[in-house]
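Please read the structure below before turning to the comments.
Structure follows, in structure tokens:
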């Protein structure tokens, strides 16, 4: 996993920063505090990188 993080470190940081910024700006216009759909964007980004890691690990397993 450390090899995967080292190779994709820059893209992981950029994508998480952008997703947090989008979530913040979409939720900023709301006048009341609540957990809305835009708050799931960073969580979805984390799951994207997790599933990408699992997929690459499986692809390495099946290479000849």
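Residue numbers (our numbering): 50 to 113. All C-beta atoms in this analysis are idealised placements derived from N, C-alpha and C, irrespective of residue type, glycine included.
Which same chain residues end up closer than 6 angstroms to residue i when comparing Cβ atoms and leaving out the 5 residues on each side of it in sequence?
i, result
"residue 74", "none"
Rounded to whole angstroms, what is the Cα-Cα separation between residue i and residue j?
i, j, result
"residue 84", "residue 50", "31 angstroms"
"residue 106", "residue 62", "21 angstroms"
"residue 111", "residue 86", "37 angstroms"
"residue 70", "residue 108", "32 angstroms"
Near residue i, what residues of its chain come up, given a Cβ to Cβ distance below 7 angstroms and the 5 sequence neighbours on each side ignored?
i, result
"residue 88", "72 and 76"
Tell whether a beta-carbon distance below 8 angstroms holds between residue i and residue j.
i, j, result
"residue 53", "residue 102", "yes"
"residue 68", "residue 94", "yes"
"residue 91", "residue 65", "yes"
What did DSSP end up calling residue i once you bin it into helix, strand or coil?
i, result
"residue 84", "coil"
"residue 60", "helix"
"residue 72", "helix"
Counting only C-beta atoms, is residue i closer than 8 angstroms to chain D at any point?
i, result
"residue 108", "In summary, chain D is missing from the structure at hand, where a single protein chain is found."
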